Structure formats: structure tokens, C-alpha cells
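Residue numbers (UniProt numbering): 1 to 539.
If you want it as C-alpha cells, here you go:
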């Protein structure tokens with residue numbers, strides 16, 4: 001068969017006007033773009049071919065060999081091996097991007113292997129051209145699955161070129177075994193890749209964040225949930241040990257092999273507060289620590305529910321305390337305040353007058369504290385009446401101008417509500433809320449600063465914003481700010497904002513806060529514009 005096949009090809013070469021003395025040279029070349037496209041398509045095959053090919057070169061113990069890989073059309077897409085042989089073939093225009101065609105290259109083992117789907121070799125005088133009589137070419141066709149789980153196949157050849165002086169049948173047999181081994185390797189790779197893809201699909205569709213670090217604490221992998229939870233923390237190659245919130249826990253896991261379970265981290269990104277419950281488990285291999293696995297669960301909603309329960313429990317305690325003490329405190333307090341007022345109305349020396357003034361101020365503070373207790377324990381039902389928004393807000397600012405002047409602060413207005421627009425609310429209670437928030441804004445600002453009162457409408461709601469350029473509120477304090485008794489002021493009771501939250505909640509509204517340390521704070525009061533949704537609405 002071989003002799004007849006070679007004779008038939010030799011006859012066609014002569015019919016095509018070729019002469020044995022001609023220098024074989026492929027004239028057909030593809031574009032660089034097409035070559036790169038084929039190299040990408042065959043990338044896995046080329047990678048495995050080079051791995052097995054380099055091992056084969058070592059087995060041949062220094063013999064000069066050159067590997068060529070072609071696609072199913074005879075396009076040379078890769079070559080590696082002896083550099084001198086590669087340069088010699090390149091001078092014949094046989095290199096990456098050359099298309100092997102019989103009428104241009106004559107008798108070619110690669111083309112025969114492609115056409116007949118059998119291993120084939122041409123040695124010395126088997127070649128039509130005299131220029132190739134010193135060469136031996138062994139070629140084996142391949143047919144491998146197309147990609148990972150693809151239904152098609154990728155076909156082509158792997159050829160091994162040697163000198164005719166070093167010819168034996170051994171290279172062809174070895175090449176056949178190599179292609180068979182490559183087939184098994186590619187199947188294994190693609191099986192592993194499918195499993196890896198399935199693993200990534202599962203991990204990236206979990207509601208849980210996953211993070212892996214190596215034995216030195218460097219991040220090696222993570223899923224998108226973890227990145228979405230704490231984007232500023234996570235990047236491949238970053239050391240987890242330098243992350244303030246996580247570093248000590250990772251260090252304990254990868255240094256001492258101790259699991260770190262159920263600890264909370266708080267993260268703020270652009271005003272969005274996220275609370276994560278984290279587990280970090282060390283990874284062992286043959287008794288040695290190889291890294292650690294971290295799992296993040298977003299418990300923000302649960303955290304805030306727990307905080308609400310805590311607030312409710314505190315409010316309940318306040319209610320019981322207020323109910324028992326309000327009358328006991330207020331009755332003697334009223335008597336004392338009355339006698340102080342009577343005494344102050346009489347002619348007194350300046351020192352006594354000043355001291356009685358101090359006493360009266362402190363008694364007023366105690367009275368206000370008792371009032372706050374009562375409000376927290378049993379806030380009154382809002383008495384809903386129409387309020388002309390802009391006029392009402394102006395009156396609140398006028399009321400607070402004296403307090404602002406004491407701190408050298410000016411008020412500014414930025415109303416997006418038209419003159420005459422109406423809000424249905426309890427004016428006294430809303431005024432109490434605004435006074436509390438404006439007072440905080442003034443006291444948080446530096447002298448000469450401006451506190452701005454803004455309005456805007458969102459759908460069927462009014463948003464009143466108190467904006468300052470003060471010191472801002474830390475992320476940690478933002479989570480506690482509505483808790484009863486929480487305060488950062490030396491003389492604060494910690495009830496003002498709690499009362500405000502309760503009042504706005506009874507109006508079926510909400511208070512949101514946008515704050516950055518050193519930049520300022522926006523308190524946003526959201527109120528419904530209609531009475532329909534207000535709790536226990538009464539007009």
C-alpha cells in the first residue's frame with residue numbers, strides 16, 4: 001500500500017509540473033489573525049503536545065528532532081525542538097502560518113496522515129524532492145474532543161522530523177503512544193475542568209461568601225458573594241493578615257491551626273453598612289497547615305432585628321421605670337421649682353441670683369429628662385393636622401437661631417417644596433424632632449460653618465434633610481445611634497434621638513443617616529404626605 005500510495009503521489013507531482021530538483025516551498029500562507037485564531041482553538045492540544053514532546057526529546061537522548069503540529073487543513077500552527085532544523089525548514093517556508101498543499105510540497109507524511117487517518121512516515125528517497133532526501137518525517141493524526149464538553153472534535157497531525165541518518169521505526173511507534181497518552185491527558189483535563197466549572201458555578205451561586213488563603217495568608221481565590229460583601233478587602237495576592245477586621249483571625253488559623261468560628265465583622269461601603277458572620281477553618285494536608293478557608297454570611301438584617309429587640313427591651317425597661325418614678329420625681333420637683341421661682345422673684349444679691357439661676361437650669365434639665373422618659377415609655381398619639389411645610393420649617397429655624405448664634409453657626413434653606421404645600425403631621429412632635437437634630441448638627445459643626453435645612457419630594461413622601469459639615473459619625477456609632485441612653489456628649493442623656501425615631505415611626509416614616517467622618521452628616525426624615533398611612537391618624 002505504501003509503495004503504491006507514494007507512486008501515485010509522485011505521478012501527480014510530475015503532472016503538476018514539479019521537478020525533483022525543485023526546492024519545496026509552500027506558497028500559501030494564512031493571515032496572522034487566522035493563525036492566532038487556530039492557535040487559540042487548539043491551545044489545550046498545543047500545551048499538552050509541548051509537555052509530551054519535551055519528554056519525548058529527552059527520551060531520544062540528544063537526537064536532533066523537530067515537532068510540527070497542524071490543524072485539519074494542514075496549516076502549521078506550532079513547531080518546537082531542534083533550533084537548527086527549525087531554521088532550515090523556515091528557509092523552505094515551512095513554519096507557523098504555512099499551509100501544506102501537495103501541489104506545493106510534494107510527498108508529505110503530514111498530508112498523507114491527514115488524508116488516510118493513519119500514522120505514516122516518509123524516509124529519505126520516499127520524498128519527491130531531493131532537498132528532503134536527508135530527512136525522515138513521522139506523522140500521526142489525532143482527533144480530540146472540541147473544548148470542554150463540546151460535541152465536535154479537533155483534528156490534525158503531530159509530526160516528528162529527524163535526520164535520515166538517525167532513522168528507525170522507533171520514533172513513529174513512540175509518536176503513536178504519545179498521541180494516545182495525550183488523548184487520555186486531555187480527557188482527564190477536561191473532566192477536571194468540568195468539575196472545576198461545576199464547583200465554581202456552585203460556589204458563585206451560594207448566598208455565602210467564600211475566601212481561600214494559602215499557608216502564608218495570601219488570598220488565592222474567592223467567590224463573587226465575598227467580593228460583593230467586602231469589596232475593598234479582597235483581591236488575589238493580597239495578604240489577609242493585613243486586613244484589620246480579619247487579620248488576627250486568619251493568623252490564628254494558619255499559624256496555630258485553630259478554627260475561628262462565629263465572629264462578626266462590620267463593613268461600611270459608601271454609606272451601606274454590612275454585618276458578616278465569619279468562620280475561618282484551617283486546611284490541613286498530611287498533617288501540615290496548607291492554608292485556610294473563610295466563610296462569610298450576611299447577617300445584616302438579623303443584626304438590625306436584634307438591635308430592634310434590644311431597643312424594645314430597653315424601652316420596656318424605661319417604661320416600667322418611668323411609670324413608677326414619674327409622679328414620685330415630678331411632684332417634689334414641681335414644688336422645688338416653684339419655691340426657686342418665688343425666691344428668684346425677690347430682690348437678691350447678684351451672687352445668689354446667679355446661683356438660683358443655676359439651680360433652676362438643672363431642675364429644668366431633670367424635668368426634661370423625666371419628660372423624655374415618659375415619652376419613650378408611652379409616646380403620645382400624633383395629632384395630625386395640615387402643616388404648611390415651608391412656613392413651618394422657617395418657624396423651627398427661627399426658634400433655633402439663638403442656639404446657632406451661640407455657636408457662631410448660620411442656617412441655610414434649600415427647599416424644593418413650593419409655597420403652600422401641605423404635610424399632614426403632628427406639628428409639635430415634628431418640631432421636637434427637628435429641634436433635636438438641628439441642635440446636634442449645630443453642636444457638631446465648627447464656628448462659621450453652615451447647617452442647611454433641605455426639602456424634596458420622593459413619590460408620595462416628603463424628605464426633610466438636616467445637613468452639616470461637622471465631624472461626622474463613625475460607622476460603629478451609626479449602628480448604635482437610636483439606642484436609648486447612647487450618647488457621645490458629656491452632658492447628653494442619650495434619649496433625644498431615641499425619642500425622635502419613635503415619633504417618626506409613629507408617623508409611619510423613617511430616619512436615614514448619611515455620614516462620613518471629617519466630612520459631615522445628613523439626617524433624612526422621610527414622612528408620608530397623606531394621612532392614610534399614618535398610625536392612629538386622628539384629625
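Glycine included, C-beta positions come from ideal geometry on N, C-alpha and C. Nothing here was measured: the structure is a model prediction, and the numbers come from that model.
Starting from the C-beta of residue 70, find all residues in its chain whose C-beta is less than 7 Å away, skip the five residues before and the five after it, and write them out in chain order.
-> Cβ contact annotation for residue 70 (same chain, cutoff 7 Å, sequence separation greater than five): 76, 77, 100, 110, 156, 157, in chain order.
Just the C-alpha distance for residue 337 and residue 409, rounded to the nearest angstrom, thanks.
-> Each residue's alpha carbon lies about 32 Å from the other.
Determine the burial state of residue 199: buried for a count of at least 16 other Cβ atoms within 10 Å of its Cβ, exposed for fewer.
-> By the neighbour-count criterion, in which 16 or more other beta carbons inside 10 Å mark a residue as buried, residue 199 falls on the exposed side.
Among 498, 427, 448, which residue has its Cα nearest to the Cα of residue 437?
-> Of the listed residues, the one whose Cα sits closest to residue 437 is 498.
Residue 130 versus residue 18 - alpha carbon distance = Each residue's Cα considered, the two are about 12 Å apart.
Who are the Cβ neighbours of residue 52 in its own chain at under 8 Å, not counting the five residues just before and after it?
-> Closer than 8 Å at the Cβ level, and outside the excluded window around residue 52, lie 178, 181, 182, 185.
Collapsed DSSP secondary structure at residue 38 in the structure displayed | Correct three-state label for residue 38: helix.
Short check: CB of residue 453 to CB of residue 399, under 8 Å?
-> Contact: no.
Run the CB neighbour count on residue 149, radius 10 Å, all protein chains shown included, and call it buried at 16 or more, exposed below.
-> Per-residue confidence for residue 149 stands at a pLDDT of 45, beneath the threshold of 50, marking its modelled position as unreliable; the derived number appears in the next sentence. Answer is exposed; the Cβ neighbour count stays below 16.
7 Å CB neighbourhood of residue 357 in its chain, flanking five on each side removed = Answer for residue 357: no residue qualifies.
Which residue from 266, 252, 85, 381 puts its Cα closest to that of residue 502?
-> Nearest C-alpha to residue 502 among 266, 252, 85, 381: 381.
Classification of residue 90 by the beta-carbon crowding that lies within 10 angstroms, buried from 16 upward | Residue 90 comes out exposed.
Going by the CB atoms, is the gap between residue 106 and residue 128 shorter than 8 Å?
-> Between residue 128 and residue 106, the CB-CB gap stays under 8 Å.
Given residue 348, which residues of its chain have a CB within under 8 Å of its CB, disregarding the five upstream and five downstream residues?
-> Only 356 meet the Cβ criterion.
Burial state of residue 170, where buried means 16 or more other Cβ atoms lie within 10 Å = The residue in question, residue 170, is exposed, as its Cβ has fewer than 16 Cβ neighbours within 10 Å.
Inter-residue spacing [alpha-carbon to alpha-carbon] between residue 507 and residue 383 = Looking at the two C-alpha atoms, the distance is approximately 10 Å.
Would residue 121 pass as a contact of residue 60 if the rule is Cβ separation under 8 Å?
-> Cβ atoms of residue 121 and residue 60: not closer than 8 Å.
Within the same chain, show all residues whose beta-carbon is closer than 8 Å to that of residue 214, passing over the 5 residues directly before and after it, in chain order.
-> By the criterion of a C-beta distance shorter than 8 Å, residue 214 is surrounded in its chain by 220, 290, 291, once the five residues flanking it on both sides are discounted.
Which term fits residue 539, buried or exposed, when burial requires 16 or more other beta carbons within 10 angstroms of its beta carbon?
-> Residue confidence for residue 539 is low, a pLDDT of 45 falling below 50, so the modelled location carries little weight; the figure read from the coordinates is stated next. So residue 539 counts as exposed.
When you compare each of 284, 272, 286, 287 to residue 301 by their alpha carbons, which one comes out closest?
-> The candidate whose alpha carbon is nearest that of residue 301 is 272.
So, is residue 541 buried or exposed, given that buried needs 16 or more other C-beta atoms within 10 angstroms?
-> Residue 541 lies beyond the stretch modelled for the chain, which goes from 1 to 539, so this question has no answer here.
Taking Cβ positions, are residue 259 and residue 234 nearer each other than 8 Å?
-> Note that the C-beta distance between residue 259 and residue 234 is not below 8 Å.
Distance between beta carbons of residue 422 and residue 386, contact taken as under 8 Å = Right, the Cβ-Cβ distance comes to about 5 Å (below 8 Å), so this counts as a contact.
Whole runs of the alpha helix (DSSP H) within the segment 376-452, excluding any shorter than 4 residues | You should have 389-406, 427-444.
Using alpha carbons as the reference points, say which of 114, 11, 242, 340 lies closest to residue 364.
-> Distance from the Cα of residue 364 is smallest, within the candidate group 114, 11, 242, 340, for 340.
How far does the beta strand (DSSP E) with residue 108 in it reach, from first residue to last?
-> It is not in any beta strand (DSSP E) - residue 108 carries neither H nor E in the DSSP assignment.
Endpoints, the beta strand (DSSP E) within which residue 161 is located = Run containing residue 161: 153-163, per the beta strand (DSSP E) assignment.
Endpoints, beta strand (DSSP E) assigned at residue 135 | Looking at the DSSP string, the run of the beta strand (DSSP E) that includes residue 135 is 135-145.
Through-space distance from residue 104 to residue 136, alpha-carbon basis | Computed Cα separation, rounded: 19 Å.
Nearest neighbour of residue 456, chosen from 448, 15, 527 [CA to CA] | Considering only alpha carbons, the answer is 527.
Less than 8 Å separating the beta-carbons of residue 624 and residue 468?
-> Coverage of the chain is limited to positions 1 through 539, which leaves residue 624 absent and any answer about it impossible.
Would DSSP call residue 292 helix, strand or coil?
-> In this structure, residue 292 counts as strand in the three-state DSSP scheme.
Using a Cβ-Cβ cut-off of 7 Å (strictly less than) and excluding sequence neighbours within five positions of residue 26, which residues of its own chain qualify?
-> Within its own chain, the residues whose Cβ lies closer than 7 Å to the Cβ of residue 26, once the five positions on either side in sequence are excluded, are 93, 94, 98, 99, 100, 101, 104, 105, listed in chain order.
Closer than 8 Å, CB to CB, is residue 2 near chain D or not?
-> No chain D is part of this structure, which consists of one protein chain only.
Can you say whether residue 249 is buried or exposed, counting buried as having 16 or more other CB atoms within 10 angstroms of its CB?
-> Per the 10 Å Cβ criterion, buried.
So is residue 14 buried or exposed if we call it buried at 16+ other beta carbons inside 10 Å?
-> The residue in question, residue 14, is exposed, as its Cβ has fewer than 16 Cβ neighbours within 10 Å.
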